[in-house]
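Enquirer: A single structure is presented below for examination.
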Amino acid sequence: SQQGEEDPQALSIQEGENATMNCSYKTSINNLQWYRQNSGRGLVHLILIRSNEREKHSGRLRVTLDTSKKSSSLLITASRAADTASYFCATTSRRGSEKLVFGKGTKLTVNP
Amino acid sequence: EAQVTQNPRYLITVTGKKLTVTCSQNMNHEYMSWYRQDPGLGLRQIYYSMNVEVTDKGDVPEGYKVSRKEKRNFPLILESPSPNQTSLYFCASSLSGGRNYGYTFGSGTRLTVV
Chain W
214 SQQGEEDPQA
224 LSIQEGENAT
234 MNCSYKTSIN
244 NLQWYRQNSG
254 RGLVHLILIR
264 SNEREKHSGR
274 LRVTLDTSKK
284 SSSLLITASR
294 AADTASYFCA
304 TTSRRGSEKL
314 VFGKGTKLTV
324 NP
Chain D
4 EAQVTQNPRY
14 LITVTGKKLT
24 VTCSQNMNHE
34 YMSWYRQDPG
44 LGLRQIYYSM
54 NVEVTDKGDV
64 PEGYKVSRKE
74 KRNFPLILES
84 PSPNQTSLYF
94 CASSLSGGRN
104 YGYTFGSGTR
114 LTVV
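Line by line, the protein sequences are chains W and D.
Okay, so the first sequence: first residue is 214 according to my numbering, each after it adds one.
Okay, so the second sequence: first residue is 4 according to my numbering, each after it adds one.
So, in structure tokens, the structure goes:
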């Protein structure tokens, strides 16, 4: 059961530009997480934002959460070619499950 | 180095031949899980385990088995693989589950069933 839906499905930018990816979800959440996946490799955890938080930063990453709109955004500032990857949002529900439900991802290409 | 180790990385097998994909973590995590990733379908959970001897079905458990006899290991067993189980498989672990912690993923096992 897919919970998060990322938008856009694909994004191509130039090195140095900012990249913004959005995630919408349907049911109440406990937290929302963002992951990166380089082609065919394992996912890497980037950041976790709880339902009572509105914004979180980690290095060049900025995540916002709007629970009233059931949406989140991931901003990567000053992008680099090494940021080229697929980015997934994942949520846990408020009902007590430990399961992470993933969206289908945004494929980001950063051109040198 | 803290990691989740999956083996093998690539596997080609024939329909009906039992196989096991191993998963081991060295972080003393309680929660472990298996996902499969398919184009257009994203990541779907197969099975998960909250602790030793505690396992439960995820969203797509049919055709798979798991066991959790030790905290560090969580093998995925395909008793009679079929071509629709051709996929990219990931093992993941977390300190106590996704409600409070992120997951650490293995590098993946690309399985082809012919």
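Where a beta carbon is used, it is the ideal one built from N, C-alpha and C, also for glycine.
1. May I ask you to report which of helix, strand or coil DSSP gives A5(D)?
2. Decide if I15(D) is buried, meaning its Cβ has at least 16 other Cβ atoms within 10 Å, or exposed.
3. Please list, in chain order, the residues of the stretch 34-59 of chain D that have any C-beta partner in chain W closer than 9 Å.
4. Is any beta-carbon of chain W found at less than 8 Å from that of R71(D)?
5. If you compare alpha carbons, which of N29(D), K72(D), Q48(D) is closest to L98(D)?
6. Given P64(D), which residues of its chain have a CB within under 8 Å of its CB, disregarding the five upstream and five downstream residues?
7. Determine which residues of the stretch 249-261 of chain W have a Cβ less than 9 Å from any Cβ of chain D, and write them out in chain order.
8. Answer with yes or no whether the minimum CB distance from N235(W) to chain B is below 8 Å.
9. Could you spell out where the beta strand (DSSP E) holding T233(W) opens and where it closes?
Expert: From the atom records:
1. As a position in the second sequence, residue 5(D) is number 2, starting the count at 1. A5(D): coil per DSSP, three-state reduction.
2. Here residue 15(D) corresponds to residue number 12 of the second sequence, with the count starting at 1. I15(D) is exposed by the Cβ-count criterion.
3. Within the stretch 34-59 of chain D, the qualifying residues are Y34, S36, Y38, Q40, G43, L44, G45, L46, R47, Q48, Y51, M53.
4. Within the second sequence, the letter at position 68 stands for residue 71(D). Not closer than 8 Å to any Cβ of chain W, the Cβ of R71(D) fails to qualify, so no.
5. For the purposes of this step, residue 98(D) is taken as residue 95 along the second sequence, with counting starting at 1. Closest by alpha carbon: N29(D).
6. Start at 1 with the first residue of the second sequence, and residue 64(D) comes out as number 61. Result list for P64(D): I49, Y50, in chain order.
7. For the stretch 249-261 of chain W, which is checked against every Cβ of chain D, the residues closer than 9 Å are Q250, G253, R254, G255, L256, V257, H258, L259, I260, L261.
8. Reference to chain B is not applicable here, since the protein chains of this structure are W and D.
9. As a first step, residue 233(W) must be located in the first sequence, where it is residue number 20. DSSP places T233(W) inside the beta strand (DSSP E), whose first and last residues are 232-237.
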